[in-house]
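The structure appears below as structure tokens.
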Amino acid sequence: MRLQCLFAALCLGVGVMAGKYSRELNEPKPNDRDGQAVEFRIAKLNQVWEKAQRMQLSPVRQAELHSDLKIQEKDELQWKKMKVEGFDENGEKEAQLRRNFHVILAKYGMDGKRDTRPLESNSLKDHDIKEEDAFEDPRLDKLWNKAKISGKFSDEELLNLKREFQHHKDKIHEYNILMDTVSRTEEIHKNVISPLEGDTKEHVLQQKHTELKHKMRDLNQGFERLRKLSHEGFSEDSEFREPRVIELWEAAKRTNLSNDELESLKEELRHFETKVEKHSHYKEQLELSHQKLQHVEALGDKEHIKRNKEKYDTLAEKTREMGYKMKKHMQDLSNKISRQGLQHNEL
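Numbered by mature numbering (1 follows the signal peptide of the UniProt record, and there is no 0), the letters in the sequence shown go through residues -18 to -1, 1 to 329 in order.
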């Protein structure tokens, strides 16, 4: 018995040491001028993160923002390496990174403008969406109301459908952000004096219009899918439940990939969907943990507060980490589908 306890303790020790000496945990975080550890290696991203904490965004919104900033950091560091190696001479990647950064600022209400709609990205619980809030788009509202009274959907299917409507609403919001960014760039473009600078900004403007065109096409295809679903209901052979995964699958089916390639991608998307669902579960647990912490803080028991704060901080960190991995995986899948589609269309 004593030997078994000793063996268990040794195993636990090895596990702890493995975690303690893992690269991720021991890679030193960058420090600011005061020697304090900072979250990101890029100053402007730290400024956004610090501002978000001052704004007291909800725990889930903070976790979402942290994941978005991590993706932005990864992309910007890769771009800096490309720049040193002599790539991105026309500034296309740089312009895209700038657009992505503006989208993040607007998405979380940090662009200096009043956000007319409280966007809770990938909302935790479908019943948390108030009916009176609707989808802020007459076409979506009309489709949703028809679907609710059609009798074609079970309670579970209605929840899945509502998630797809919410996802489409979020995409409309991001499209409006990009369109606003393009409008502002056009205003700047009118005031350009230098011909050389004018050529550069013209190129950036063309890139933004191309992105707008692609996003509008995606919105139209997404709305058509919702229209079809609302009228016909879910088919028995529906491959996926998560809106983002469905979107990737629909895009893949439009790329002329072979059946074998589609089957391989379908399996990868199943794994991705599991990751998305797990992340959603953690976000829900984070929100519940925050509510419990607020309740405990109101009672004033310091020891109880400390224990719950530690649990909350651990859960918040895990949720951020999973969010980054999930969004990175989605980015990789989107790029993969785009590349494969282009390759096949060029053949």
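Where is the CB? At the ideal position from N, CA and C, for every residue including glycine.
Quick caveat: nothing in here was measured; it's all calculated off a predicted structure.
Delimiting residues of the alpha helix (DSSP H) encompassing residue i
| i | result |
| --- | --- |
| T237 | Run containing T237: none; DSSP gives neither H nor E here. |
| V85 | 74 to 89 |
| L59 | 41 to 66 |
| E32 | 25 to 37 |
| R223 | Note, R223: premise wrong, no alpha helix (DSSP H); not H, not E. |
| K130 | 120 to 131 |
Under 8 Å between C-beta atoms of residue i and residue j
| i | j | result |
| --- | --- | --- |
| V227 | E156 | no |
| M64 | K52 | no |
| E259 | E303 | no |
| M161 | L194 | yes |
| E58 | I24 | yes |
| V30 | L268 | no |
| I159 | A88 | yes |
| G305 | E46 | yes |
| F222 | H150 | no |
| L315 | L230 | yes |
| G215 | K144 | no |
| K257 | H196 | no |
| W61 | L79 | yes |
| Q189 | A77 | yes |
| R81 | T163 | yes |
Cβ shell of residue i (< 7 Å), same chain only, five flanking positions each side left out
| i | result |
| --- | --- |
| G68 | none |
| K300 | Y264 |
| F83 | Q54 |
| Q44 | A34 |
| S271 | K293, Y294, L297 |
| A116 | D123 |
| K128 | S212 |
| W126 | F117, F147 |
| N142 | R223 |
| S320 | none |
Cut-off 6 Å between Cβ atoms - residues of its own chain near residue i, not counting five sequence neighbours on either side
| i | result |
| --- | --- |
| K309 | S49, I53 |
| K248 | none |
| E250 | none |
| D93 | L87 |
Same chain, Cβ closer than 8 Å to residue i, five either side skipped, listed in chain order
| i | result |
| --- | --- |
| K291 | L275 |
| L244 | A234, K235 |
| E232 | Q203, R207 |
| H277 | none |
| M198 | Y157 |
| N28 | D14, V20, E21, F22 |
3-residue-minimum beta strand (DSSP E) runs that sit fully inside the stretch 241 to 307, ordered along the chain: Whole beta strand (DSSP E) segments, 3+ residues: zero.
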